[in-house]
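I have placed the structure first, in the form of structure tokens, so that the comments after it can refer back to it.
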Amino acid sequence: MATNDFISNLHNEVLARIISDLPAIEAIRTTLLSKRWKDLWRYASRLDFDPKGVRKLYGDDIDDPREEISRVVKNIENVLLSHKRNLISCRIVHLLSSCRNGDVEKWIKYLTSEKKVQELAFRCDDFQQQFYRRSRSGLGLNLSSGIFSCETLQSLEFTHYSIRSDSPFHHCHNLKTLKLYHCAISTETLEAIVSSCDLLEHLSVCSSPSRLKQVRIFSQTVKTVELESLRSQGIYLCTQSLGVLVLHSMKFQAKNLVIHAPNLRVFTATRKPITKNSDNITKIAEILEYCTHLLTPVNYEANDPMEDLNLFMNLRELTIDLDLNDRREMLILCIVLQRCLSLHQLEINIEESRSEIEEATRDYSSVNNRLPYPETKLWEKRGLCDCITFTLKQVSIKGFKGKDGEMEFPRHLITKGAKLKRIEIWCNHDCSREGGEATLGLLSLPRSSTDVSILLKPPPQFDGSFGRWVSTLN
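Note that this note's numbering numbers the sequence shown so that position 145 is 281, with each residue one more than the last.
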């Protein structure tokens, strides 16, 4: 009985594109399917050499996993030589020995010169019994000067290395994206690398095992900066072109934060959930205090003071972690929004920065004494923020519990946000019934915008409507 074989009717170019999305090991195994598939992998535009794929293929049938992985890594060169076309991207996960014996440099030279590769990613891993990974950051990456000066190379990613010199990046005039994950690198080396990359647009530095004295980025081309889980004395960013800034779980002194980015459009400042080991992570409220100049940052260079610009003036998207039950943090949020003149999208992850005992015993009198009105009138008395009245369209609030302090802000948005299109409120899993019912009450408020949709969401683990979820609460 004849059947229509959809796959067989596809052109070879389409099949090669499909194969390109497979790990290299699996792509090569497609040669077993039929004669037509025999050489298709050789024309894949992407190759991903991840030795851990061996486990998926053979499982417990492998007698010596390390030996099999080493054999796969050793065959990378043969695979590259058998491949027939230029590559858009190549990713190689290798063992420590590949750094020691010079294979990494040999691969880079071949991929950049012969394959005209556009995107390169390298990860140095070590494997122990049953494929449990033991990462080795700190392994020196000793490469030739200017090895990344290839005309086609646009994106480069390194994971688990020690980058001791900027010389491999000399004359690197075409690189646009650089991502360094779990890489040991000094302040001076990072600054020199950014300076060498004339067209660099995207820079990510995440989880460096060493303590950076400072994060210093001076550039006229960088558009996106992502900094995550770094320990540093301070951050100094000066780039006219910067449009996106992400700070996540950073450990530094907020007073040493200086940002000169007048064209910033997207700002994200978040941190990992509060744990007993996260006390040293800089609070987002402190970062905002210095960004708004509520507190004066310490300039790194006495003879190079930063201009007092409004960092939030051109901001379109803002994502932050704040405790909406904290009077001080609510005041900070109010001041931030007053400085946002073009904000379209706002996301707040409610972070309770104190334990329940600390919250119950906290004295708000010092805050209230500074306010000429009751704290529950904060948004009403502070006056309207232009962005809430004229530009804000989407708001998402997560971790909501319906407490009195939290309720003030969404009430203000609903009754004053004339341009709002959508408000999403995601309740926390430990919300009380009283808090859930108070949140439901938001739906009955008069709305300033006739087009706004108010979506109340139960915790993700609950399968059902918000009202049904509230009915299950104690």
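A virtual CB, placed ideally from N, CA and C, is assigned to each residue, including glycine.
Through-space distance from residue j to residue i, alpha-carbon basis
i: I212; j: W243; result: 9 Å
i: Y179; j: L366; result: 40 Å
i: R475; j: M449; result: 6 Å
i: D587; j: L314; result: 42 Å
i: S156; j: L458; result: 43 Å
i: L482; j: E149; result: 43 Å
i: A257; j: C286; result: 15 Å
i: A328; j: R604; result: 57 Å
i: L467; j: L591; result: 26 Å
i: C523; j: L431; result: 23 Å
i: E542; j: L556; result: 19 Å
i: V208; j: E241; result: 18 Å
i: C563; j: S206; result: 49 Å
i: L279; j: T248; result: 14 Å
i: R407; j: Y372; result: 19 Å
i: A574; j: D540; result: 9 Å
i: V215; j: S368; result: 42 Å
i: E570; j: L445; result: 43 Å
i: W515; j: F545; result: 7 Å
i: V531; j: Q356; result: 32 Å
i: N504; j: R463; result: In this prediction, N504 has a pLDDT of 44, which is less than 50 and means its spatial position is unreliable; what the coordinates show is noted afterwards. In a straight line, the C-alpha of N504 is about 9 Å away from that of R463.
i: H147; j: R172; result: 11 Å
i: Y246; j: T167; result: 24 Å
Under 8 Å between C-beta atoms of residue i and residue j
i: L381; j: F403; result: yes
i: T525; j: K552; result: yes
i: T323; j: Q290; result: no
i: K252; j: N222; result: yes
i: S122; j: G276; result: Nothing about residue 122 can be reported from this structure: the residues present for the chain run from 137 to 610 only.
i: L400; j: L451; result: yes
i: R558; j: S589; result: yes
i: R227; j: D184; result: yes
i: H296; j: R259; result: yes
i: L176; j: A152; result: yes
i: V341; j: L378; result: no
i: I321; j: S344; result: yes
i: I224; j: S170; result: no
i: I420; j: I484; result: no
Simplified DSSP assignment, three categories, for residue i
i: R558; result: strand
i: H230; result: strand
i: K220; result: coil
i: T375; result: coil
i: T586; result: coil
i: D261; result: strand
i: A160; result: helix
i: L151; result: helix
i: Y246; result: helix
i: Y297; result: coil
i: D184; result: strand
i: L467; result: helix
i: V358; result: coil
i: D483; result: For the sequence presented, residue 483 should be read as Glu rather than Asp. Correct three-state label for E483: strand.
i: K593; result: strand
Contact set for residue i: own chain, Cβ-Cβ below 8 Å, skip 5 residues either direction
i: L311; result: F284, L289, Q290, S291, L292, F305, C333, L335 and L336
i: C521; result: C470, L473, Q474 and C476
i: D440; result: Note that D440 scores a pLDDT of 46, beneath 50, so its modelled location is shaky and nothing firm can be said.
Contacting residues, own chain, Cβ-Cβ under 6 Å from residue i (five flanking each side not counted)
i: T360; result: H338 and V380
i: I550; result: L581 and R583
i: F602; result: L592 and P594
Test: residue i CB closer than 8 Å to a CB of chain D
i: L232; result: Looking at the structure shown, chain D is missing, and only one protein chain is on hand.
Nonlocal neighbours in the same chain, by C-beta distance under 7 Å from residue i, ignoring five residues either side
i: L447; result: I395, A397, L400 and C427
i: V606; result: R569, G572, E573 and L576
Checklist line | Every unbroken alpha helix (DSSP H) inside the stretch 382–432 [4 residues or more] | finding: 420–427
Check: Enumerated in chain order, which unbroken segments of the alpha helix (DSSP H) with a length of 4 residues or greater are wholly contained in the stretch 325–355?
Finding: none
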